[in-house]
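The structure appears right after this line, and notes come after that.
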Amino acid sequence: MGKPVDPSYPLYPIACVFAATGLFLVLLTSFVRSRWNLGVSFLCFWLFLENLTFAVNSVVWADNGDIKHPVYCDLASHLQTICYVVKPAATLIMTRRLYLIASFRNMEMHTTLKRSDLIIEWFLGLGLPLLVAGPIYYIIQTRRFTILEGFGPSGSSSHTVLAILLFYQWSISLPLISIVLYFPKVVWIFYRQSRDMSDFFLRSNSNSSTSRSGYLRLFALASVDMLATFPVGIVNVALVIVRNLDSRRSLPFYDGWTATHRNWAPHSSPYSDVLAKGRSGLAQFYFSNWVTPVLSLIIFALFGTTLNARKAYMTVLCWFGDLLHIRPIIRRRRQRLKHQEAVQNRERTRRGLGSGPQEITLDSQLWSRELSFADFELTAPAGQRIDAKDDAEARKSEDSGRDAIKVYSGPGDSTPALTPPKSDSDKPEV
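So the sequence shown is residues 75 to 504, counted in the working numbering.
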């Protein structure tokens, strides 16, 4: 193996391996606990595959730009296209879910609306990326794939108005929908109704997938993802426009089917082409490459280090401990985690906050489950709650209590054998 052309080698493949491992652990804990959030799950799954391919690419093509392994290159280049759409789509799914939580809309949702929400989320996280990476991308695809020396295969698209409308605009339009329609409302509702939100989180049952800290973690992930994808999308569109204006003095709408696919054979590009773009082009290139591993590590820090996640890790370790006969060591670690959780619960009880918080989970059943706050009457004044179910149970117990003091001596006797004691005023004087 010759000298790698990337001066940061092997930092990049190591970071990709660690990022893929972290995402795998997040998905593993979700599988163990059987709780999924579609926005986070789609993002973790696709980024996990992209990190693996980036690690392999940066090692196999570290010192060369040879055209080899064509089938793998096809899959890797199309996977990059999928992830280009998944990142902003997952942001939209998460911000929309946060808006539904913050506005308590799931209290009014019927079965049809719940299904429509799931259909929208599945389309944004799976249907739309596959549609863009398949037939839509083929319309503007100029080459089968391109091998960049030091980094491996990537896609190749035309620089036209149609390419911007069909491909590049997704990293701008989807974050804009999140920013304009949902993000300000989420911040405003959470700020104005923080007391109601805290009451909802504390009253949620153990099966609920929401907590105040979990809500904030999901909000932080959506914000980071938006900050990572939105600028990249703007820069990509700007570069397409600037390059065409410099070379052609115009930006054509479409070059035509024949002209677009004329040079369909794979192409190899040396690393010197990246250096020729100047400092701004080089910074944009490395920024776009490092977005995936950095975002993956942030996801692991937010969702893979929580108390519930560590408990899921211990569950998996116990499975392997049974096979390797080292379960006593794992059991002691698990007991320390339980003790830590008990201390946190006692601290919260001392502060008057009730039982321990329910960590955010990757739970897709949030809208198909009857949550504990679904009986609240939201039209009540702020700070007050009217629970119809509790009132009905109280009246029922009160009626049963009144009936309990009547003990009849026979079916024909209507006089109660047990009567209330007389008051002091009715007692005869001694």
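The beta carbon of each residue, even a glycine, is placed where N, CA and C say it ideally should be. Since this is a predicted model, take the numbers as computed values, not measurements.
query: If you run the structure through DSSP and keep just helix, strand and coil, what is Gln154?; result: helix
query: Have a look at Ile315 and Lys188 and give me their C-alpha separation to the nearest angstrom.; result: 41 Å
query: Return helix, strand or coil for Thr165, following the three-state DSSP convention.; result: helix
query: Would you call the segment 79-91 in contact with the segment 162-170, where contact means no fewer than 3 C-beta pairs closer than 8 Å?; result: no
query: Using the Cα positions of Trp393 and Thr103, report the straight-line distance between them to the nearest angstrom.; result: 13 Å
query: If I measure Cβ to Cβ from Ala383 and keep anything under 8 Å in the same chain, skipping five residues before and after, which residues do I get?; result: Leu99, Val100, Thr103, Phe377, Glu433
query: First and last residue of the alpha helix (DSSP H) that includes Pro203?; result: 202-205
query: Cβ atoms of Asn125 and Ala164: under 7 Å apart, would you say?; result: no
query: Measuring CB to CB, does Pro340 end up less than 7 Å from Ile213?; result: no
query: Who are the Cβ neighbours of Asn318 in its own chain at under 6 Å, not counting the five residues just before and after it?; result: His233, Leu325
query: For Leu349 and Val368, what's the separation of their Cα atoms in angstroms?; result: 23 Å
query: Should Ala129 and Pro78 be called a contact, given that it needs their Cβ atoms to be closer than 7 Å?; result: no
query: If you count every other CB in all the chains shown that lies within 10 Å of the CB of Asn337, and 16 or more means buried, which is it?; result: exposed
query: Have a look at Leu112, Ser115, Ser297, Thr216 and flag the residue whose alpha-carbon is nearest the alpha-carbon of Ser252.; result: Ser297
query: Just the Cα atoms here: how many angstroms apart are Pro144 and Phe197?; result: 29 Å
query: Compute the Euclidean distance between the alpha carbons of Ala312 and Glu223, then round it to the nearest angstrom.; result: 24 Å
query: Evaluate Ala237 with the Cβ neighbour count: other Cβ atoms within 10 Å of its Cβ, from every protein chain shown; 16 or more gives buried, anything less gives exposed.; result: buried
query: Which of the three DSSP states is assigned to Thr220 in this structure?; result: strand
query: Let's see if you can read the secondary structure: which residues bound the alpha helix (DSSP H) around Pro367?; result: 352-377
query: Return the CA-CA distance between Ala176 and Trp262, expressed in angstroms with no decimal places.; result: 9 Å
query: Which of the three DSSP states is assigned to Gly96 in this structure?; result: helix
query: Just verifying my parser: in three-state terms, what is the DSSP assignment at Ser297?; result: helix
query: Tell me which residue opens and which closes the beta strand (DSSP E) that Ser115 is part of.; result: Taken as a continuous stretch (DSSP letters only), Ser115 belongs to no beta strand (DSSP E), being part of the alpha helix (DSSP H) at 112-134.
query: Please go through the same chain and pick out, in chain order, the residues whose beta-carbon is closer than 7 Å to the beta-carbon of Gln154, but skip the five residues on each side of it.; result: Glu124, Ser228, Gly229
query: Which one of Leu112, Ser115, Leu381 has the shortest CA to CA distance from Gln418?; result: Leu381
query: Go ahead and pull the three-state DSSP assignment for Pro144.; result: helix
query: What whole-angstrom Cβ distance do Val309 and Gln243 have, given they're in contact under 8 Å?; result: Going by Cβ atoms, the distance from Val309 to Gln243 rounds to 13 Å, so no, they are not a contact pair.
query: On the premise that Cys118 lies in contact with Ile372, defined as a C-beta separation below 8 Å, what is that separation, rounded to the nearest angstrom?; result: With 8 Å as the limit, Ile372 and Cys118 do not qualify as a contact, their Cβ atoms being about 12 Å apart.
query: Would you say Phe119 lies against chain C (beta-carbon separation less than 7 Å)?; result: This model lacks chain C altogether; it includes just one protein chain.
query: On a Cα-Cα basis, can you pick out the residue from Pro162, Met388, Thr127, Gly208 that is closest to Gly307?; result: Pro162
query: In or out: Pro258 buried (at least 16 other Cβ within 10 Å) or exposed?; result: exposed
query: Taking the beta carbon of Pro249 as the centre, do at least 16 other beta carbons fall within 10 Å, making it buried, or is it exposed?; result: buried
query: Please state whether the Cβ-Cβ distance between Phe225 and Ser151 is less than 7 Å.; result: no
query: Following the continuous alpha helix (DSSP H) through Ser230, name the residue where it begins and the one where it ends.; result: Element bounds for Ser230: n/a, residue is neither H nor E.
query: Mind checking whether Pro344 and Gly76 have CB atoms under 7 Å apart?; result: no
query: Please state if the CB of Ser370 and the CB of Leu121 are separated by a distance shorter than 7 Å.; result: yes
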